[in-house]
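Participant: First residue of the sequence shown: 6, per this note's numbering; consecutive thereafter.
For glycine and all other residues, C-beta sits at the position ideal for the given N, C-alpha and C.
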Amino acid sequence: MPTSLLDLPNELLDLIVQLAWVSDNSLGCPPPPHEDHVSGPRKAPCRSWSYGPSHVKYWKNQDLYSSRLALRLVNRRIAHITKSRLDQLVTLPTSLKLDVILSNETDLVPTWRFLSGIGRRIDDLTATFRVVGTSPTLEGRRHRFRPGAGVPPPILWSFYYLLERFLEVGPLAEHKLPTARPRGKRMPFTINRLNLDFVSSEEGTVAPPGLGVWNWMHGGNNEDDMVSSAWPSSDVASFLMRPEWLAEFISRYIRYLLRMDDSMGLHGAMMYEYVGSIRIYVDGNLLEEYRLDQRLKDLDPSGHIFVTRSESFARWVEKATRVRLAAGLPVII
Numbered sequence: 006m007p008t009s010l011l012d013l014p015n016e017l018l019d020l021i022v023q024l025a026w027v028s029d030n031s032l033g034c035p036p037p038p039h040e041d042h043v044s045g046p047r048k049a050p051c052r053s054w055s056y057g058p059s060h061v062k063y064w065k066n067q068d069l070y071s072s073r074l075a076l077r078l079v080n081r082r083i084a085h086i087t088k089s090r091l092d093q094l095v096t097l098p099t100s101l102k103l104d105v106i107l108s109n110e111t112d113l114v115p116t117w118r119f120l121s122g123i124g125r126r127i128d129d130l131t132a133t134f135r136v137v138g139t140s141p142t143l144e145g146r147r148h149r150f151r152p153g154a155g156v157p158p159p160i161l162w163s164f165y166y167l168l169e170r171f172l173e174v175g176p177l178a179e180h181k182l183p184t185a186r187p188r189g190k191r192m193p194f195t196i197n198r199l200n201l202d203f204v205s206s207e208e209g210t211v212a213p214p215g216l217g218v219w220n221w222m223h224g225g226n227n228e229d230d231m232v233s234s235a236w237p238s239s240d241v242a243s244f245l246m247r248p249e250w251l252a253e254f255i256s257r258y259i260r261y262l263l264r265m266d267d268s269m270g271l272h273g274a275m276m277y278e279y280v281g282s283i284r285i286y287v288d289g290n291l292l293e294e295y296r297l298d299q300r301l302k303d304l305d306p307s308g309h310i311f312v313t314r315s316e317s318f319a320r321w322v323e324k325a326t327r328v329r330l331a332a333g334l335p336v337i338i
């Protein structure tokens with residue numbers, strides 16, 4: 006019988022080393038309060054509006070290299086196995102899993118669950134979103150989820166910044182406050198397949214199917230008296246957002262940004278240049294798929310009123326096609 010870890014056969018030791026730094030963290034994101042998590046404000050320039058950086062809370066103690074470095078310092082044999090495993094990962098598809106809590110309808114709290122290896126080109130990133138808690142007030146709920154005059158709702162920028170920050174620094178480094186200096190012209194990370202799965206909450210009372218999302222947002226007060234009177238305002242305020250509502254909300258504004266209208270062109274461009282495709286799920290069931298290569302091909306630069314805008318837009322489409330090709334993202338020529 007082995008008396009120490011090093012007495013185990015190489016095959017078992019190899020598996021133990023792999024599990025030590027590449028594993029599925031089944032615990033996911035911790036429940037609130039998230040006292041060990043940090044957010045903006047951000048001084049460095051970014052595409053997201055100010056609500057985003059201030060309402061994504063990253064765990065300040067996460068570290069990409071701690072377990073790998075520790076394993077390589079144990080002894081020569083384990084260091085050799087660890088290096089061998091790392092070398093093998095270079096040729097394997099990079100798959101990442103992220104667990105995200107929408108806390109009290111206010112903040113996003115992300116936790117990395119699985120990292121198959123870290124590279125600049127991510128083959129598959131799956132983010133699972135769960136709603137935990139409700140807004141302290143109905144007024145706050147309406148403010149965060151209701152769009153303004155031609156602009157998306159404030160809460161959308163948290164989801165947008167979650168993606169932007171990942172493309173900027175990759176996994177497990179998002180909590181580090183960026184410097185005030187402008188970043189480079191190109192962000193270093195790309196995602197081939199981005200999967201967003203909105204799952205049912207395990208705690209709390211989810212809004213009943215008969216309640217519409219606008220009733221939920223406004224406390225049950227709307228033009229349909231028969232529907233709105235079915236639930237008192239206090240009950241509606243305590244209902245958790247249904248996962249399909251959040252999925253449809255995000256999907257709708259993805260479509261909005263991908264249209265590349267004048268006011269949102271900069272924000273839609275980020276997705277076209279850095280993401281291959283986006284799939285929206287509800288409890289694992291596909292709701293919508295966005296093939297960005299096809300959408301880029303179908304964009305019509307001539308649809309803009311001003312000739313100068315049309316010409317610059319056409320140049321951007323050519324640029325986006327080139328950078329997608331260089332990043333290994335799908336392109337339709």
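With DSSP as the reference, label Phe311 as helix, strand or coil.
Facilitator: In this prediction, Phe311 has a pLDDT of 48, which is less than 50 and means its spatial position is unreliable; what the coordinates show is noted afterwards. Of the three classes helix, strand and coil, the one that applies to Phe311 here is coil, per DSSP.
Participant: Hey, quick one: how far does the beta strand (DSSP E) through Gly281 stretch, first residue to last?
Facilitator: Val280 to Val287
Participant: Going along the chain, which residues of its own chain have a beta-carbon closer than 6 Å to the beta-carbon of Arg125, five neighbours each way excluded?
Facilitator: Pro193 and Phe194
Participant: According to the Cβ coordinates, are Asn197 and Gly281 closer than 8 Å?
Facilitator: Yes. Within cutoff.
Participant: Residue ranges of each alpha helix (DSSP H) run of no fewer than 4 residues wholly in the segment 143-183, ordered along the chain?
Facilitator: 143-150 and 161-174
Participant: Considering only residues of the same chain and omitting the five flanking positions on each side of Lys102, which have a CB-CB separation below 6 Å?
Facilitator: Arg118, Phe119 and Thr131
Participant: If you compare alpha carbons, which of Ile127, Tyr286 and Ser108 is closest to Gly175?
Facilitator: Ile127
Participant: Would Val136 be called buried (16 or more neighbouring beta carbons within 10 Å of its own) or exposed?
Facilitator: buried
Participant: Quick one: grab the DSSP three-state call for Val204.
Facilitator: coil
Participant: Between the segment 100-116 and the segment 163-179, are three or more C-beta pairs nearer than 8 Å?
Facilitator: Yes, the segment 100-116 is in contact with the segment 163-179.
Participant: Terminal residues of the continuous alpha helix (DSSP H) containing Phe254?
Facilitator: In the DSSP annotation of this structure, the continuous segment of the alpha helix (DSSP H) that includes Phe254 starts and ends at Pro248 to Leu263.
Participant: Between which two residues does the beta strand (DSSP E) carrying Val136 extend?
Facilitator: Looking at the DSSP string, the run of the beta strand (DSSP E) that includes Val136 is Arg126 to Val137.
Participant: Roughly how many angstroms lie between the CA atoms of Leu161 and Glu294, to the nearest whole one?
Facilitator: 19 Å
Participant: Taking the alpha carbon of Ala325 as the point to measure from, which residue in Arg314, Lys302, Glu316 and His42 has its own alpha carbon closest?
Facilitator: Lys302
Participant: Using 8 Å as the threshold, is the C-beta distance between Ser140 and Asn109 below it?
Facilitator: yes
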